[in-house]
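**Student:** This is the structure, below, for whatever I ask next.
2 protein chains.
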Amino acid sequence: MTTAPKSGRKMIRVVIAEDQVLILGALAALLEIEGDIAVVARARDGQEALAAVLAHKPDVFITDIEMPHLSGLDVAAELKRQRTGTRVIIVTTFARAGYLRRALDAGASGYLLKDSPAEKLADAVRRVHQGLRVIDPELATEAWSEPDPLTDRERQVLRLAGEGTASGEIAEQLRLSEGTVRNYLSEAISKLGANNRVDAARIARAKGWL
Amino acid sequence: MTTAPKSGRKMIRVVIAEDQVLILGALAALLEIEGDIAVVARARDGQEALAAVLAHKPDVFITDIEMPHLSGLDVAAELKRQRTGTRVIIVTTFARAGYLRRALDAGASGYLLKDSPAEKLADAVRRVHQGLRVIDPELATEAWSEPDPLTDRERQVLRLAGEGTASGEIAEQLRLSEGTVRNYLSEAISKLGANNRVDAARIARAKGWL
DNA sequence: CGCGACGCATGACATTTGTCAGGCGCATCC
DNA sequence: GGATGCGCCTGACAAATGTCATGCGTCGCG
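So the protein sequences, as listed, match chains D and H. Using the working numbering, the first residue of the first sequence is number 8, and each one after it goes up by one. Using the working numbering, the first residue of the second sequence is number 8, and each one after it goes up by one.
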């Protein structure tokens, strides 16, 4: 289907992380049919992924963002901190500027959307392995648009509020007073130009800030 | 990797529909490595899928639920109506009783979660092709449990409320009085055992009722 | 026919939410 | 060392939300 040198040596060694096992297997199959790429390990969540990468020291690490325990972004950041030299490609459903920004901050070399063509994945692996950067064109443009205006607290509070947690509950969980919680929400609502807490949470989620 | 008869004849002919192209390609790759399955067409949305199935008359049609234009459930229902004889397998992220129920009503023969093991997919194709039914075990039990307790109006109101639309807005959009909207929400909240409208919407979504 | 669901509506009330104006302590940065 | 920003808090008020009781038509069903 694509360029595929047959030599047994010089294979690009890859670790994949993805929480939906069926998709994980499918992605692995997609890469395995390329003659120059070898999937050396698979992981179902962030912790497994981190362990697998540290153990196998692959050339390239492909990961989803939303996973149990540790997000793909967290794993990428940790790998950057540890200077493992493994290049990271984020593969996700979400075309959100905030996610891309965080991905790049976390030292990722690639950012691919799950609705880009299938051949792109193997291509991306090869390019990233050569030291190039691969950003999905759909994101590349709007990437550095609005930065996240929310503070950490506002984010925490908004996340809970968006699930229907009442102010009192939120206050308890975060060890804040209820008034403070309402203040943060009010701030977030005004920053995002929303009509109420739920609207604000929806907007923040859409931008990838949540 | 699995049983794979090499004969050129008697291949199981499959059409796959999935809106995330990368996943579509990956799933196809996963099936192609099985010697007895041939992917004869791929579709990116419900309309393409319907056309492809009618054109190719495959043995098995594998589809996601959430797709543009027509959902996988809609396509399944239409195929049932037209008595094409093609068996349908739903592959989705969501372990929601409501979805499974609707899938079975729509005549689907299989319901698989994206986080079941990868080998299950080819297995499911073979079983369904033989006329068997394949339901993901995680769903099979709770499947025929609670039926949706919400009335149509409650559903409509709850959907909007869950996006942060204020009562007054909802009233306008649905041509109801604001008091009535609050009544429906109150009803829904109590039926679902929720704490407030947002919580109710969250619960309803999780059950696949929304 | 009459009964019971359902859709829609009031009005009144308690509670939660959203907004504003402050105030306190603690960093950080000229 | 003072300005500035941030996190956290208070209190008070207006607006939105949630709850109840109650009422009225209109169906469909036994």
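Note that the Cβ used here is the ideal one computed from N, Cα and C, for glycine as well.
Give the secondary structure of residue 207 of chain H by DSSP, where H, G and I count as helix, E and B as strand, and everything else as coil.
**Tutor:** Three-state result, residue 207 of chain H: helix.
**Student:** Going by DSSP, name the residue or residues bridged to residue 168 of chain D.
**Tutor:** According to DSSP, residue 168 of chain D bridges with nothing at all.
**Student:** Strictly under 8 Å for the Cβ-Cβ distance: is residue 13 of chain H near chain D by that measure?
**Tutor:** Any reading at residue 13 of chain H is ruled out, since the residue's pLDDT is 48, under 50, leaving its predicted position unreliable.
**Student:** Compare the C-beta of residue 55 of chain H against all C-beta atoms of chain D and say whether one is closer than 8 Å.
**Tutor:** Taking Cβ atoms only, chain D never reaches closer than 8 Å to residue 55 of chain H, which makes this a no.
**Student:** Helix, strand or coil, according to DSSP, for residue 117 of chain D in the structure here?
**Tutor:** Strand.
**Student:** What does residue 70 of chain D touch in chain H if you count any residue whose Cβ is under 9 Å from its own?
**Tutor:** What residue 70 of chain D touches in chain H: nothing, since even the nearest Cβ is about 14 Å away.
**Student:** If you draw a straight line from the C-alpha of residue 88 of chain H to the C-alpha of residue 110 of chain H, how long is it?
**Tutor:** Distance between the alpha carbons of residue 88 of chain H and residue 110 of chain H is about 14 Å.
**Student:** Using the Cβ count rule (16 or more neighbours within 10 Å means buried), how would you classify residue 197 of chain D?
**Tutor:** So residue 197 of chain D counts as exposed.
**Student:** Measure the alpha-carbon distance for residue 209 of chain D versus residue 169 of chain D and round it to whole angstroms.
**Tutor:** Going from the Cα of residue 209 of chain D to the Cα of residue 169 of chain D covers about 7 Å.
**Student:** Return the residue from the list H/36, H/28 and H/41 that minimises the CA-CA distance to residue 133 of chain H.
**Tutor:** Answer by Cα proximity: H/41.
**Student:** Helix, strand or coil: how does DSSP classify residue 69 of chain H here?
**Tutor:** Strand.
**Student:** Using CA coordinates, which residue listed in H/165, H/95, H/159 and H/142 is at the minimum distance from residue 136 of chain H?
**Tutor:** Comparing Cα positions, the closest option is H/95.
**Student:** Does any CB atom of chain H fall closer than 8 Å to the CB of residue 173 of chain D?
**Tutor:** It does: the Cβ of residue 173 of chain D has a partner Cβ on chain H nearer than 8 Å.
**Student:** Taking just the CA atoms, how far does residue 164 of chain D sit from residue 180 of chain D?
**Tutor:** Rounded to whole angstroms, residue 180 of chain D to residue 164 of chain D spans 10 Å at the Cα level.
**Student:** Say whether the region 27-36 of chain H touches the region 27-45 of chain D, bearing in mind that this needs 3 or more beta-carbon pairs closer than 8 Å, one atom from each stretch.
**Tutor:** Judged by Cβ distances under 8 Å, the region 27-36 of chain H makes contact with the region 27-45 of chain D, as three or more pairs qualify.
**Student:** Inspect the CB distances between the region 114-125 of chain H and the region 74-90 of chain H and report whether three or more fall short of 8 Å.
**Tutor:** With a cut-off of 8 Å, the region 74-90 of chain H and the region 114-125 of chain H count as touching, because enough Cβ pairs lie within range.
**Student:** Tell me, please, whether the CB atom of residue 190 of chain D is closer than 8 Å to any CB atom in chain H?
**Tutor:** Chain H, which has no Cβ nearer than 8 Å to the Cβ of residue 190 of chain D, makes this no.
**Student:** By the three-class DSSP mapping on this structure, what secondary structure does residue 45 of chain H have?
**Tutor:** Reduced to three states, the DSSP call for residue 45 of chain H is strand.
**Student:** Could you list the residues in the region 99-126 of chain D with a C-beta less than 9 Å from some C-beta on chain H, going in chain order?
**Tutor:** Residues 100, 119, 120, 121, 122, 123, 124, 125 and 126.
**Student:** Using a cut-off of 7 Å between C-beta atoms, extract the partners of residue 209 of chain H located in chain D.
**Tutor:** Simply 170 and 171.
**Student:** Residues in its own chain within less than 6 Å of residue 50 of chain H by CB, not counting five upstream and five downstream?
**Tutor:** Here the set comprises 24, 56 and 59.
**Student:** Between residue 190 of chain H and residue 214 of chain H, what straight-line distance do the alpha-carbon atoms span, to the nearest angstrom?
**Tutor:** Residue 190 of chain H and residue 214 of chain H: Cα-Cα distance of roughly 22 Å.
**Student:** Can you tell me which of the three DSSP states residue 24 of chain H falls into?
**Tutor:** Residue state, collapsed to three classes: strand.
**Student:** Run through DSSP, which three-state label would residue 201 of chain H get?
**Tutor:** DSSP places residue 201 of chain H in coil when its eight states are reduced to three.
**Student:** Could you give the first and the last residue of the continuous beta strand (DSSP E) run that contains residue 40 of chain D?
**Tutor:** Taken as a continuous stretch (DSSP letters only), residue 40 of chain D belongs to no beta strand (DSSP E), as it is neither H nor E.
**Student:** Less than 8 Å separating the beta-carbons of residue 99 of chain D and residue 72 of chain D?
**Tutor:** Against a cut-off of 8 Å, the Cβ pair of residue 72 of chain D and residue 99 of chain D comes out as a contact.
**Student:** Use the C-beta contact count for residue 108 of chain D: other C-beta atoms within 10 angstroms, 16 or more gives buried, fewer gives exposed.
**Tutor:** Counting Cβ neighbours within 10 Å, residue 108 of chain D comes out buried, since at least 16 surround it.
**Student:** Figure out for me which residue from H/79, H/62 and H/63 has the closest Cα to the Cα of residue 70 of chain H.
**Tutor:** Looking at the Cα atoms, H/79 is the closest of the given residues.
**Student:** Can the beta-carbon of residue 211 of chain D be found closer than 8 Å to that of residue 146 of chain D?
**Tutor:** Not closer than 8 Å, so no.
**Student:** Quick check on residue 14 of chain D: does DSSP put it in helix, strand or coil?
**Tutor:** For residue 14 of chain D, the pLDDT reaches just 48, beneath the cut-off of 50, and the residue's location in the model is therefore unreliable, although a value from the coordinates is still provided. In the structure shown, residue 14 of chain D sits in coil (DSSP, three-state: anything other than H, G, I, E or B).
**Student:** Can you tell me where the alpha helix (DSSP H) holding residue 133 of chain D begins and where it ends?
**Tutor:** Its alpha helix (DSSP H) spans residues 126-136.
**Student:** Please identify, using Cβ separations under 9 Å, the residues of the region 29-57 of chain H that lie next to chain D, in order along the chain.
**Tutor:** The region 29-57 of chain H vs chain D, Cβ under 9 Å: 29, 30, 31, 32, 33, 34, 35, 36, 37, 38, 39, 40 and 51.
**Student:** Let me know if residue 121 of chain D comes out buried or exposed under the rule of 16 or more other beta-carbons within 10 Å of its beta-carbon.
**Tutor:** Buried is the call here.
**Student:** Run down chain H in chain order and give the residues with a C-beta less than 8 Å from the C-beta of residue 201 of chain D.
**Tutor:** Going along chain H in sequence order, the residues near residue 201 of chain D (Cβ under 8 Å) are 171.
**Student:** Suppose the cutoff is 8 Å on Cβ atoms and the five residues either side in sequence are ignored; what does the same chain contact list for residue 166 of chain H look like?
**Tutor:** So the list reads 208 and 217, once near-sequence residues are dropped.
**Student:** Tell me the DSSP secondary structure of residue 8 of chain H in three-state form.
**Tutor:** For residue 8 of chain H, the pLDDT reaches just 49, beneath the cut-off of 50, and the residue's location in the model is therefore unreliable, although a value from the coordinates is still provided. Three-state result, residue 8 of chain H: coil.
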